[in-house]
Each structure stands twice: as C-alpha cells, then as structure tokens.
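Just below is one structure, and these are the notes that go with it.
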Amino acid sequence: MAEVVFSKVQKKFGAFTAVHGLDLSIAEGEFVSLLGPSGCGKTTTLRMLAGLEFPSSGDIQIGDRVVNDLAPGQRDIAMVFQSYALYPHLTVGDNIGYPLKKRGVGKAERLAAVAKTAELLQLTELLKRKPRQLSGGQQQRVALGRALVRDPQVFLLDEPLSNLDAKLRGYMRVELVELHRRLGRTMVYVTHDQLEAMTMSDRIAVMEGGKLQQFAPPAQVYAEPANRFVASFIGTPGMTLIDGDLSQTGGVWTFNAPGLSMPVGPLTDEATAGPACLGVRPEHVSIGTGPVQGVIQVVEKTGHENIVIIGLEGGHRLTGRVPAPQSWSIGESVQLTLEAEHAHIFGAGPHGARLNRPHETAPLKTKHNPDKTKPKLQKAANE
Amino acid sequence: MSRQKTLLERRYAALGLTLIAPTVLIFSAVIVYPLFSAIYLSFYNVFTPTLEGEWVGLSNYAELLQSGKFWNALKNTLIWTIGSLSLQLIFGIGMALVLHQNIWFRSLARSLILFPYFISTVVAVLVWKWLFNDLYGILNHLLMKVGIIDFPMDFLGTMPNAMISVIMVGAWKYFPFVVIAVLARLQSIPDALYEAAKIDGAGPIARFFDITLPQLRDVLVVIVMLRAIWDFKEFDLIFLLTGGGPLNDTQTLPLLVYQEAFALNDMGMASAYAVVMMLIMLVFMIVYIRRTKDDEGS
Ligand SMILES: Nc1ncnc2c1ncn2[C@@H]1O[C@H](COP(=O)(O)OP(=O)(O)O)[C@@H](O)[C@H]1O
Ligand SMILES: [Mg+2]
C-alpha cells in the first residue's frame, strides 16, 4: 500500500504536450479514476506511473520512493491492460503465475498463490486452458488475476472493462469495488466512462487536454463541478449551459440571457459583472409553473422518467428530467422554474471556473480523507 | 444429406469448373506431366540425346541404392542443407532483431539486406569466386595482411574448405529471406505483451525467450520447411561455385541428377535419382502437414 504523488509532471511527444504540469496526490488505499474524453492524456499518465513512459519533467513518487528512474518491474505495481495482453502461448495458470516466476518464487509457493487467486476470480476450472479458448470476460479476469497474484503496492487499470458487453461491465464494476474493499490497495483506474468513475471511485481526477480539471469525490464533481468543462462532461443527460451576462445590484447577483433573467446565489469574490455562463442540471428544472416561458421540443421516454428538451424564447435549449407519469406533447407551451439554489455560474470561456460560493452548511461526505497526511505535516511545520 | 441440386446450383458448379479449368490445365502441363514422365523414364535405360531405350524395371533403383555415388551425394546434400539452413536462421533472426530496433539507418538497412537475395546467382557466384581466388582474391590478401595465414588458402579446391565455402555463400545468399519473414512477424507482435512482461519483472533476455520466440514459432516452422526444401534442391549456386568438386566432395543430389542426365547421357538413371529426391522431400512435406494439422486441432 502506498500513496502516489505526481509533482509537476509533464510529458511531451516531440512538440506535442500530452500531459501539462500534473499535480496529483493519491492517498494510501484510495481508488482514484482518471476520467476524461479520449486523447486527454489518461493513458499517458498511467503509463508514466507504470514506468512504460518517462516524464519529460517532474517527479512521480510511489510510497516514499521517487520512481522516475526505476524500471517497471522495480516499481512494485501491477497493471491491467485494455487489451488484456495475456501471453497467448501460456496456459491461464502460467499467465497468472508469470509475475511470481520472474521474481524467483518457488514452484510450490507459486502454484499455491495461483490456486488462491484463481479461486478468488472463479478461474479454477480454466487454469489449463489457453487464453484464446476463453471468452472476453474470462480473459479479463485472467488479466486481473495476473495483477492480483503478487499483492503489489499499487494497481493500475487502463479501461479494463471497455471490451466487455454492458451487462458484464456492470457486474465487473461491482466485483472490482468489492476487490478493492477486500484488498485495501491503492488503485488507479483509467476510464472515459463517467458511470464507471462515478460508481467506483473514492475520488475522480477529471482531465482534459492534458490538464487536470478537478480532483474530488464523485458527489462533489457532480454537485460542484470546478469549471464549465467538468460541468458539461459529467452527468447524463448533460447539464444545460446558457451563455449570458452577470450583473450586480445591491449585493444581489442576477443572470440575464435572452428570455431568461434570474437571481443567482452567493458568488465568490472572483465574480465580476459581464459575460458568464449559467448551468442547470436536468433534475433542477421543474415544469408547470414559473417565470420562464418555453416550448416542448423533444420528449425521450426512458421508462422510469422522461427527458424533456425545451426551447426557450432566446433560442437556447434546456434539458429537464421528470418522473415518468408526467409527459408533454411536442409543441406545447410550458412555464418553467430553474431552481436558483442549484444553479451554477461559470466564468466566460470553455474552461470558465465555477463562481458559486461553496456550500458551507452541507459538507460532502467522502469515504476517504485525502488530507489525512496533512495534519502530520502541519505539526512538523509548527515544531 | 442427399437432395436434388437446383438449376442454380448446377449453373454455379459449371461456372466454377470453367473458371478453374485453365489453372488445372497449366498445372497438369507443367507439374503433373513432368512428374509422371520422370517416374516413367526411371524404369527405362534411356540415352539422353535420342530419348530412346528399353524397359529395365527397377534395376535403375537397385543400382542407385548400391552405388557409393548416391550415398555420397545424399550425405553432401544433408550437410549442405543443414549447415546452410542453420546459418541462415542464426544470421536471419539476429539481423531481424537488430532491424526491429529503432535505429536511424533502419529503412536503408532493410533494403540493403535484401541485396544478396535479389542478385542473380551467376553474378553472386562470380563475385564470390573473385573474393575466394588464391592469386588475386581479397580474402586471401586480407588474411595474409592481418597475419592469420602465411600462404594463400585454397577456398574451393580442397576439403573441408570447399564445403564450408559453399555453405557460407549459401547462407549469405539466402538469409535475407529469413530476415524479411521474421521481421514481418516481429512487427505484428503487440507491444502490450512486452509491456506486460516488463511490469511482471521480465528482463530483456526473458522477454526474448518468453514473448518473442514463442510468437515466432509458427513463422519459423514455415521458414524451415520452405528453406529446407529449396536448399535440398539447390543447383546453380553449388554447380557454379565448385561444380561438385573437389572430386565429388560437394556433389549434392541435384548435381548428380544433372551429371547422369547430361554428362553421362543416362536419362533413366537421372530420373531415378530425381524420383528418390522427391520421395525424400515428401517426408518433409508430410511432417510439415502433420504439424500444421496438430496446431489446428489443439
Ligand atoms: N507514443 C506517442 N507518440 C505521440 N503521441 C502520443 C503517444 N502516445 C500518446 N500520444 C498522444 O497523446 C495524447 C494523449 O494520449 P492518451 O494518453 O493515450 O489519451 P487517453 O486519454 O485517450 O488515454 C493523444 O493526443 C495521443 O495522440
Ligand atoms: Mg487511453
């Protein structure tokens, strides 16, 4: 078990910078997801941690060792590859036992460890088979077994579930969370699937364009997205984002856009009058009464709820989410309320920072205390 | 399941036959006919210039098996094939591994490496004969200059030098085939396998034996089969380099066939040698087919 720290890590491929000055501190035993759209540098970040790619500058630390100059085999990590990368000519048993064999573990001990891992992952029946005789889900478990057999400090997983069908993916999500709980090991999990990140992680590192956008527990990433990018990336259906202007009269902020004018909650000191962006999650739109006028454009019925897309007077479109019995017909005019206490205000531009003052009354509960090393440091500093 | 063929199916069958007919005809003319003709001739005592002679039954074969010439040629063929093929494999795999690395002159080296394979055998042999020459050859000149030998060496006129020289030239001429085939396979091995092995703690040597070699196994089986067959029936390179000499010490089976047919004018005997050669190669083929079948089965 070990904490993992990236300090000012940068990775360049030629002139192209894949990862910009990344600072990330992962606590011992934490399950952290690197989440972001394709090409945002997640895999590169993970590969630098694995030692398969070397940072152009900055330091990577596992436990109390700076691992910049260590080969992958010396870092005491295990990795599950997206393609599984099982050794095709070895049996399942030999695949799982390979990391032990290369570290000089004796045969008897090795077979015992393989048997134990196989049992954990329900692979005992398959130990004599070759990888190509297995289904995708079974191969995935073998890849996991090869990582688990050695009890490394940190587990690295690069989109391990993306090649599975939806049902199996859901099942494996639960299995992985269960495994993490049982092993208590640090896990770094790369995914572009927000559902995986939201359901499995202690904290999510949202990345875009090689930059870290936000690093926080899933609930906080959802409720208090750090900037406009995170707000638009997290949540399905996505948050409605409307460009407009902020103005202040007598200490009260008002957001104005064509066909829409609403007071918004306490903002930080960085807020200034001028261009800004309003964000409203679909569940914070109520249809029926209210000051805003709109026309129903699309109704998507998902079974237990209906997703409604509403055109506003100014040409903006708004997404709402209502329980299934409520439905509207296309073209119907409706009155709307946007819940001001849940509305987000972002600065101008695609990465405009969130300007709402953080909720002090309801602190978000986190499974892990990411700052648990902090008090020690402070104490040391005080002495 | 027997059932009446529909008109459409019969029309398709007819079309299929029409389409493969030209291939079958050409195949018969250039492969099946010579094959049966060789078997037929091997039962006769044929004078090559007139291609006339009388039925002698199996006596050509009896004579062949009793003659020292046949066993000597078979021994030489095996030495040449095994020697040259081993060197082709060692240099071929080695060079492929080097060229697979990211070296700056890689693309140039890749085309240069093919040079011996593309060059005509006659030209290659002429060049090597110059190099080997005891009066003005550069090899002798260099060896004497460095001080390894005091007198010029006879590379082609004495044994075992002649066999060694033939094997070396054969290896030089044909190793590019191994390079190209192995390199193509190396490039298709997924990087993730090597990366997984690195993380699992395998060093470079372990990665070669645990990843590269098992991945190359199938292509090596094919290379060994093809090259063994081609080396076994190699004619021009040996014939031009030593003509089978000194005495008959580098005379392989193909050279013996040629000698019987055109120097001794005994086409019947030559055919018998050719048929025996074919039977020996058939053994290779059967082993090869067995192997590939086993692989599919498991
Ligand atoms: N070896 C490489 N050489 C050049 N560019 C690379 C290399 N690996 C990744 N990149 C680039 O770096 C960016 C980030 O890639 P990656 O980390 O794989 O993204 P993802 O978040 O989808 O995993 C991409 O634009 C990709 O094209
Ligand atoms: Mg990736």
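Each protein sequence line maps, in turn, to chains H and B. When the first sequence is numbered by my numbering, its final residue is 727 and no position is left out of the sequence of numbers. When the second sequence is numbered by my numbering, its final residue is 301 and no position is left out of the sequence of numbers. Just so you know, even glycine gets a beta-carbon here, dropped at the ideal spot from N, CA and C.
Taking residue i as the reference, give the member of the options with the closest Cα.
i, options, result
"H/Asp367", "H/Ala549, H/Lys645, H/Glu683", "H/Ala549"
"B/Val260", "B/Ile167, B/Asp153, B/Lys72, B/Met284", "B/Lys72"
"H/Arg661", "H/Val624, H/Glu683, H/Gly554", "H/Val624"
"H/Gly740", "H/Ser671, H/Ala684, H/Thr612", "For residue 740 of chain H there is no data in the structure shown, the boundaries of chain H being 345 and 727."
"H/Met583", "H/Tyr566, H/Arg419, H/Leu520", "H/Tyr566"
"H/Gly394", "H/Ile586, H/Tyr442, H/Gln418", "Sequence inspection shows Ala at residue 394 of chain H; the Gly mentioned does not correspond to that position. Closest option to H/Ala394, Cα to Cα, is H/Gln418."
"H/Gly632", "H/Glu463, H/Trp672, H/Asn439, H/Phe499", "H/Trp672"
"B/Lys296", "B/Arg109, B/Ile232, B/Asp221", "B/Asp221"
"B/Val227", "B/Ser114, B/Ile208, B/Ser87, B/Phe46", "B/Ser87"
"H/Gln679", "H/Ile640, H/Gly659, H/Ala371", "H/Ile640"
"H/Gln538", "H/Asn700, H/Pro561, H/His648", "H/Pro561"
"H/Ile406", "H/Pro702, H/His524, H/Pro496", "H/Pro496"
"B/Leu100", "B/Phe287, B/Val290, B/Tyr291, B/Ile192", "B/Ile192"
"H/Glu374", "H/Ala422, H/Thr535, H/Arg547", "H/Arg547"
"B/Leu2", "B/Glu57, B/Trp74, B/Glu55, B/Ala41", "Any answer about residue 2 of chain B is impossible in this case: the structure gives chain B only from 4 up to 301."
"B/Thr84", "B/Pro179, B/Arg293, B/Met284", "B/Met284"
"H/Gly664", "H/Val643, H/Val498, H/Glu614, H/Val411", "H/Val643"
"H/Gln382", "H/Ile654, H/Ser506, H/Ala415, H/Ile440", "Inspection of the sequence shows that residue 382 of chain H is occupied by Ser rather than by Gln. Nearest of H/Ile654, H/Ser506, H/Ala415, H/Ile440 to H/Ser382, Cα basis: H/Ser506."
"B/Ser303", "B/Leu240, B/Met280, B/Ala266", "Here chain B comprises residues numbered 4 to 301, so residue 303 of chain B is not present and cannot be evaluated."
"H/Asn650", "H/Gln637, H/Ile674, H/Gly659, H/Gly658", "H/Ile674"
"H/Ile440", "H/His688, H/Val608, H/Leu488", "H/Leu488"
"B/Tyr291", "B/Leu229, B/Met162, B/Trp131, B/Met281", "B/Leu229"
"H/Ile654", "H/Ala668, H/Leu455, H/Thr681, H/Gly647", "H/Thr681"
"B/Met98", "B/Leu54, B/Phe178, B/Ile82", "B/Phe178"
"H/Lys511", "H/His536, H/Leu492, H/Glu522, H/Gly480", "H/Gly480"
"H/Thr535", "H/Cys384, H/Gln670, H/His364", "H/Cys384"
Just curious, the beta strand (DSSP E) that residue i is in, first and last residue?
i, result
"H/Leu590", "584-593"
"H/Gly623", "618-624"
"H/Thr633", "629-645"
"H/Thr663", "661-667"
"H/Lys474", "Segment: none, H/Lys474 is in no beta strand (DSSP E) and carries neither H nor E."
"B/Ile106", "B/Ile106 -> no beta strand (DSSP E), and no H or E assigned at all."
"H/Leu682", "677-682"
"H/Leu379", "375-379"
"H/Phe398", "That residue, H/Phe398, is in no beta strand (DSSP E); it is neither H nor E in DSSP."
"H/Gly365", "360-370"
"B/Ile214", "Looking at the DSSP string, B/Ile214 is not in any beta strand (DSSP E), and its letter there is neither H nor E."
Can you tell me where the alpha helix (DSSP H) holding residue i begins and where it ends?
i, result
"B/Asp194", "194-202"
"H/Gly579", "Looking at the DSSP string, H/Gly579 is not in any alpha helix (DSSP H), and its letter there is neither H nor E."
"B/Ile141", "141-149"
"B/Met156", "No alpha helix (DSSP H) holds B/Met156; DSSP gives it neither H nor E."
"B/Met162", "B/Met162 -> no alpha helix (DSSP H), and no H or E assigned at all."
"H/Pro562", "562-567"
"B/Pro37", "36-44"
"H/Gln484", "480-492"
"B/Pro207", "207-210"
"B/Gln69", "62-69"
"B/Glu55", "Taken as a continuous stretch (DSSP letters only), B/Glu55 belongs to no alpha helix (DSSP H), being part of the beta strand (DSSP E) at 55-58."
"B/Thr51", "Segment: none, B/Thr51 is in no alpha helix (DSSP H) and carries neither H nor E."
"H/Pro602", "Unbroken run through H/Pro602: none, as it is neither H nor E."
"B/Val125", "124-135"
"B/Val27", "10-30"
Unbroken stretches of the beta strand (DSSP E), 3 residues or longer, contained in the region 407-470 of chain H: 421-424
Could you tell me whether the region 241-251 of chain B touches the region 18-37 of chain B, where touching means 3 or more Cβ pairs closer than 8 Å? no
Can you list, in chain order, every residue whose CB sits closer than 5 Å to a heavy atom of ligand 1? H/Phe357, H/Ala362, H/Ser382, H/Gly383, H/Cys384, H/Gly385, H/Lys386, H/Thr387, H/Thr388
Unbroken stretches of the beta strand (DSSP E), 3 residues or longer, contained in the region 498-558 of chain H: 498-502, 530-535, 547-552
Would you call the region 113-132 of chain B in contact with the region 257-271 of chain B, where contact means no fewer than 3 C-beta pairs closer than 8 Å? no
Taking 8 Å as the cut-off, does the region 236-246 of chain B touch the region 465-474 of chain H (at least 3 CB pairs, one atom from each stretch)? no
Does the region 491-504 of chain H come close enough to the region 380-397 of chain H to have 3 or more Cβ pairs within less than 8 Å? yes
Can you give, in chain order, each stretch of the alpha helix (DSSP H) that sits fully within the region 233-265 of chain B and has at least 4 residues? 239-244, 256-261
Examine the Cβ distances between the region 506-525 of chain H and the region 537-544 of chain H and report whether three or more of them are shorter than 8 Å. yes
Touching by the beta-carbon criterion (3+ pairs, under 8 Å), the region 238-247 of chain B and the region 90-101 of chain B: no
Would you call the region 608-623 of chain H in contact with the region 685-694 of chain H, where contact means no fewer than 3 C-beta pairs closer than 8 Å? yes
If contact is defined by three or more beta carbon pairs under 8 Å, each pair taking one atom from either stretch, is the region 186-200 of chain B in contact with the region 414-429 of chain H? yes
Closer than 8 Å is the cut-off here; do at least three beta carbon pairs connect the region 584-595 of chain H with the region 550-560 of chain H? no
So, does the region 525-538 of chain H touch the region 353-363 of chain H, judging by three or more C-beta pairs under 8 Å? no
Indicate whether the contact test is met: 3 or more Cβ pairs, each with one atom in the region 135-142 of chain B and one in the region 207-220 of chain B, closer than 8 Å. no
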